[in-house]
Amino acid sequence: MEKVRSGNYVLYPHVEVNCPEARLAEGFAQIMPMLRAAAEGKRVLTVECYPGVDQQELLEGLAGLEPVLVIHSDDLAFEPEKLDAALEQDLLPNDPVFGIMTARRLKDFFYEDKLAEARSRIQEAPAGLVLVYGVGATLVHPGDVQVVADITRWEIQLRYRRGMSNWRTAQTDLPKLKKYKRGFFAEWRWADREKDHLLNTMDFYLDMTTEGSPAMVDGASYREALRQTTRRPFRMVPYFDPGVWGGHWMKDHFALPENGSNYAWSFDGVPEENSLLLDFGGHLIQTPALNLVLQQPRALLGERVHARFGKEFPIRFDMLDTVGGQNLSLQVHPLTEYIQQNFHMNYTQDESYYILDADENASVWLGVKEGVDPAAMEADLRRAQAGEAPFPAEKYINNIPVKKHDHVLIPAGTTHCSGAGTMVLEISSTPYIFTFKMWDWGRLDLDGKPRPIHLDHGMANIQWDRDTKWVTENLIHQARVLKQDEHTTLERTGLHEREFIDTFRITTDRTADMPRNGSVHVLNLVDGERALLTSPDGAFAPMELHYGETCILPQAAGDYRIEAPDGAPVKVIAACVRG
791 MEKVRSGNYV
801 LYPHVEVNCP
811 EARLAEGFAQ
821 IMPMLRAAAE
831 GKRVLTVECY
841 PGVDQQELLE
851 GLAGLEPVLV
861 IHSDDLAFEP
871 EKLDAALEQD
881 LLPNDPVFGI
891 MTARRLKDFF
901 YEDKLAEARS
911 RIQEAPAGLV
921 LVYGVGATLV
931 HPGDVQVVAD
941 ITRWEIQLRY
951 RRGMSNWRTA
961 QTDLPKLKKY
971 KRGFFAEWRW
981 ADREKDHLLN
991 TMDFYLDMTT
1001 EGSPAMVDGA
1011 SYREALRQTT
1021 RRPFRMVPYF
1031 DPGVWGGHWM
1041 KDHFALPENG
1051 SNYAWSFDGV
1061 PEENSLLLDF
1071 GGHLIQTPAL
1081 NLVLQQPRAL
1091 LGERVHARFG
1101 KEFPIRFDML
1111 DTVGGQNLSL
1121 QVHPLTEYIQ
1131 QNFHMNYTQD
1141 ESYYILDADE
1151 NASVWLGVKE
1161 GVDPAAMEAD
1171 LRRAQAGEAP
1181 FPAEKYINNI
1191 PVKKHDHVLI
1201 PAGTTHCSGA
1211 GTMVLEISST
1221 PYIFTFKMWD
1231 WGRLDLDGKP
1241 RPIHLDHGMA
1251 NIQWDRDTKW
1261 VTENLIHQAR
1271 VLKQDEHTTL
1281 ERTGLHEREF
1291 IDTFRITTDR
1301 TADMPRNGSV
1311 HVLNLVDGER
1321 ALLTSPDGAF
1331 APMELHYGET
1341 CILPQAAGDY
1351 RIEAPDGAPV
1361 KVIAACVRG
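Per the working numbering: the sequence shown = residues 791 to 1369.
1) Output yes or no for whether 8 Å exceeds the beta carbon distance between F1142 and I1217.
2) Look at the alpha carbon of S1153 and the alpha carbon of K1193, and state the distance between them as a whole number of angstroms.
3) Going by DSSP, what residues sit across from I1252 in a beta bridge?
4) Could you check what DSSP says for F994 in three-state terms: helix, strand or coil?
5) Return the chain-ordered list of same chain residues with a C-beta closer than 8 Å to the C-beta of V930, the five sequence neighbours on each side being excluded.
6) From P1078 to V1162, what does the alpha carbon distance come to, in whole angstroms?
7) Tell me the rounded alpha-carbon separation between V800 and C1341.
8) Compare the beta carbon distance of W1039 and D1147 with 8 Å and say whether it is the shorter of the two.
9) Between F975 and the rest of its own chain, which residues show a CB-CB distance below 7 Å, the 5 nearest in sequence each way excluded?
10) Buried or exposed: where does D1149 fall if 16 or more other Cβ atoms within 10 Å of its Cβ makes it buried?
11) From the DSSP output, read off the bridge partner residues of Y1143.
12) Any idea what DSSP makes of V1192, helix, strand or coil?
13) Given this structure, state the Cα-to-Cα distance separating V1271 from G1157, to the nearest angstrom.
14) F1181 bridges to which residues according to DSSP?
15) Identify the residues that DSSP records as bridge partners of D1008: which are they?
16) Counting beta carbon pairs with one atom in the region 960–969 and one in the region 852–860, are three or more of them shorter than 8 Å?
17) Quick one: give me the first and last residue of the alpha helix (DSSP H) that E907 is part of.
18) Does the beta-carbon distance from P803 to R1025 come in below 8 Å?
19) Using only the alpha-carbon positions, how far apart do G1284 and F1294 sit?
20) What is the rounded straight-line gap between the Cα of S796 and the Cα of H1043?
21) Skipping 5 residues on each side, what residues in its chain have a beta carbon closer than 7 Å to that of T1262?
22) Using a Cβ-Cβ cutoff of less than 7 Å, which residues in the same chain neighbour G1114 once the five nearest sequence positions on both sides are dropped?
23) Between K1159 and R1172, what straight-line distance do the alpha-carbon atoms span, to the nearest angstrom?
24) In the DSSP assignment, find the unbroken beta strand (DSSP E) run with W1155 in it and report its ends.
25) Are the CB atoms of D1292 and R1368 nearer to each other than 8 Å?
26) Have a look at K1101 and P1087 and give me their C-alpha separation to the nearest angstrom.
27) Please determine, among I1363, A1364 and G1338, the residue with the shortest C-alpha to C-alpha distance to S1056.
28) Helix, strand or coil, according to DSSP, for Y840 in the structure here?
29) Buried or exposed for V794, going by 16 or more other Cβ atoms inside 10 Å?
30) Are the beta-carbon atoms belonging to H1286 and P1221 less than 8 Å from one another?
31) Assign Y1350 to one of three DSSP states: helix, strand, or coil.
32) Beta carbon of T1279, beta carbon of H1123: below 8 Å?
33) Note down the Cα distance separating P810 from R1022, rounded to an integer number of angstroms.
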């Protein structure tokens, strides 16, 4: 394996915003005067808080406004025990990981008579400013001055790990997986539905991601920043997380900070999870990248993709590092009808492993072997789950050698996992939480507890006809050359016909023009120190992409080229939604 350390990987990429009229404030010492001026002569200041925002920090920061009345909207919602009971059916209490994507809205959990009483208190309050704040604040009053206090998804997860509970729950001692589950299936769904329309009406956007360092920008400038973002290639802020099977490749190649452990995952291409750093002339606003999807779906995705997926970003890039680590869990993803019928999801997780790098003996586990008896395999899996005997994976599952730049296709229903010694760029559709683990090699997680196994779900989705012959003919070595000259090769590397994502590999030592296909593109530089993404008509400034970095090229950015600025060959993987 090539032992190259690249210090060029940018851990905190900025999106430069050209908005000289933007009104910005950093810290409550600056935020307070801006809100006071905006509220002069007005009656109600409403601060809608995303679940996870530190409301105590917010309230203390705004104390200098000296409101004549303060209403905390959380107090008007169901009591924690009643809210827990209302969510119980959707959250499938006996399942530690999975739930049903809620169709409920935030207002369903508020007492209408308490909301009405709060509105009456506002009308009857003496002259002066009224502050309404909390989750559901705009249900009380839309605000004569409206503020959205927001936080990134990754920061919420980190706060869960540090002990923060879910919003308004009596279950304050839940393990982190169940906190995440409640957020994923319930809280974030109804909170995003509220935020979707508030992003259009808010007067100010308040970034509460970094504790003790809030930042605020006026709503019009925030919306303009998102509009500008869809007219150029951009990167999101990646994050990295250890895991029981994790390795050291990313630590070695991306100059990651020492964490005393490994890094198993990298999320660098998932708008629902990652964030944007909007740079207003040196003033930074960190915001969930999902807000871009909510606010600019057509420009970002393209008309055709938006028509199919709505305000969802359907492509995901992440990395799985087992170099110096262990096998991933043996797993399978649900079939489309299964995820629709059981979890209220519109589509499932089809995926692929692009082998970014690999040890000499690296492999993937993929599909069942010829002539496997499903009953016998299930019996051995259940014995393994009971701790009676290790599961003999080599008896049932194909173990296929892989090397750098192989691309392995994994449509839903295919048993699979990455083996030790592989650095995987995982390219998939977005419902990444729905991984049915069937065997975890008898190990404990980093917290010393077994990871959840989902054998019943897994057995209901394995496609037994995806055996050695079928896998060989359909899922490995599927790359086809579409165009080639002395400087550039364009290949289609997948995905399988059951999957909606197309992937292309471009190798060039000069310049390669890329077809757009009416879809957003997600790209990763899989070989070479750096490449340039340029616009043939100058629609956007050139963007430099470094080895291993993922970026998004919105449909509204127009045509683009991939250039090798140093004359040395570069390879880029580009994914889009098939036409």
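Where is the CB? At the ideal position from N, CA and C, for every residue including glycine. Bear in mind that the values here come from a model prediction, so they are computed numbers and not experimental data.
Reading it off the structure:
1) Here residue 1142 refers to the residue found at position 352 when the sequence shown is read from its first residue. Here residue 1217 refers to the residue found at position 427 when the sequence shown is read from its first residue. Residue identity check: residue 1142 is Ser in the sequence provided, not Phe. Cβ atoms of S1142 and I1217: closer than 8 Å.
2) Numbered from its first residue, the sequence shown carries residue 1153 at position 363. Numbered from its first residue, the sequence shown carries residue 1193 at position 403. Going by the C-alpha atoms only, they are around 8 Å apart.
3) Along the sequence shown, one-based indexing puts residue 1252 at 462. Partner(s): none; I1252 has no beta bridge.
4) Position 204 of the sequence shown, counting from 1, holds the residue named residue 994. Looking at F994 - three-state DSSP - the assignment turns out to be strand.
5) Reading the sequence shown from its first residue, position 140 is the one you call residue 930. Result list for V930: T836, I861, S863, L866, L905, A908, R909, I912 and V922, in chain order.
6) By one-based count along the sequence shown, residue 1078 stands at place 288. By one-based count along the sequence shown, residue 1162 stands at place 372. P1078 and V1162: Cα-Cα distance of roughly 46 Å.
7) As a first step, residue 800 must be located in the sequence shown, where it is residue number 10. As a first step, residue 1341 must be located in the sequence shown, where it is residue number 551. Straight-line Cα distance between these residues: approximately 11 Å.
8) Position 249 of the sequence shown, counted from the first residue, corresponds to residue 1039. Position 357 of the sequence shown, counted from the first residue, corresponds to residue 1147. Contact: yes.
9) Your numbering for residue 975 matches position 185 in the sequence shown. So the list reads D880, L881, G889, I890, M891 and T892, once near-sequence residues are dropped.
10) Here residue 1149 corresponds to residue number 359 of the sequence shown, with the count starting at 1. D1149 should be labelled buried.
11) Looking up residue 1143 in the sequence shown gives position 353. In the DSSP output, where bridge partners are listed per residue, Y1143 has V1198 and E1216.
12) The residue labelled residue 1192 in the question sits at position 402 within the sequence shown. Coil at V1192, not helix or strand.
13) For the purposes of this step, residue 1271 is identified with residue 481 of the sequence shown, where counting begins at 1. For the purposes of this step, residue 1157 is identified with residue 367 of the sequence shown, where counting begins at 1. So the alpha carbons of these two residues sit roughly 26 Å apart.
14) The residue given as residue 1181 occupies position 391 in the sequence shown. According to DSSP, F1181 bridges with nothing at all.
15) As a first step, residue 1008 is located in the sequence shown; it is residue number 218 there, counting from the start. According to DSSP, which records beta bridges pairwise, D1008 is partnered with F994.
16) no
17) In the sequence shown, the residue the question calls residue 907 occupies position 117. Unbroken alpha helix (DSSP H) run through E907: E902 to E914.
18) By one-based count along the sequence shown, residue 803 stands at place 13. By one-based count along the sequence shown, residue 1025 stands at place 235. A contact, by the Cβ cut-off of 8 Å.
19) Translated into the one-based positions of the sequence shown, residue 1284 becomes position 494. Translated into the one-based positions of the sequence shown, residue 1294 becomes position 504. Looking at the two C-alpha atoms, the distance is approximately 7 Å.
20) The count along the sequence shown starts at 1 and reaches residue 796 at position 6. The count along the sequence shown starts at 1 and reaches residue 1043 at position 253. Bear in mind that a pLDDT of 49 at S796, under 50, signals an unreliable position, so the number given afterwards is only what the model happens to contain. So the alpha carbons of these two residues sit roughly 5 Å apart.
21) Locating residue 1262 in the sequence shown gives position 472, counting from the first residue. For T1262, where only same-chain residues beyond five positions count, there are no Cβ hits under 7 Å.
22) Locating residue 1114 in the sequence shown gives position 324, counting from the first residue. Answer for G1114: G1037 and H1038, listed in chain order.
23) Locating residue 1159 in the sequence shown gives position 369, where the first residue counts as 1. Locating residue 1172 in the sequence shown gives position 382, where the first residue counts as 1. So the two alpha carbons sit approximately 19 Å from each other.
24) Looking up residue 1155 in the sequence shown gives position 365. Start and end: S1153 to V1158.
25) For the purposes of this step, residue 1292 is taken as the residue at position 502 of the sequence shown. For the purposes of this step, residue 1368 is taken as the residue at position 578 of the sequence shown. Yes, Cβ-Cβ distance for D1292 and R1368 is below 8 Å.
26) Numbered from its first residue, the sequence shown carries residue 1101 at position 311. Numbered from its first residue, the sequence shown carries residue 1087 at position 297. One C-alpha to the other measures close to 6 Å.
27) In the sequence shown, residue 1056 corresponds to position 266, counting from 1. Selected option, being the one with the closest Cα: G1338.
28) As a first step, residue 840 must be located in the sequence shown, where it is residue number 50. Coil at Y840, not helix or strand.
29) In the sequence shown, residue 794 corresponds to position 4, counting from 1. Here the model assigns V794 a pLDDT of 42, short of 50, so the residue's position is not dependable and the matter cannot be decided.
30) Translated into positions along the sequence shown, residue 1286 becomes position 496. Translated into positions along the sequence shown, residue 1221 becomes position 431. In this structure, P1221 does not lie closer than 8 Å to H1286 by Cβ.
31) Counting from one through the sequence shown, the residue named residue 1350 turns up at place 560. Y1350: strand per DSSP, three-state reduction.
32) Position 489 of the sequence shown, counted from the start, is the residue given in the question as residue 1279. Position 333 of the sequence shown, counted from the start, is the residue given in the question as residue 1123. Cβ distance not < 8 Å, so T1279 and H1123 don't count as in contact.
33) As a working mapping, residue 810 is identified with position 20 in the sequence shown. As a working mapping, residue 1022 is identified with position 232 in the sequence shown. Near 19 Å, if we compare the C-alpha coordinates of R1022 and P810.
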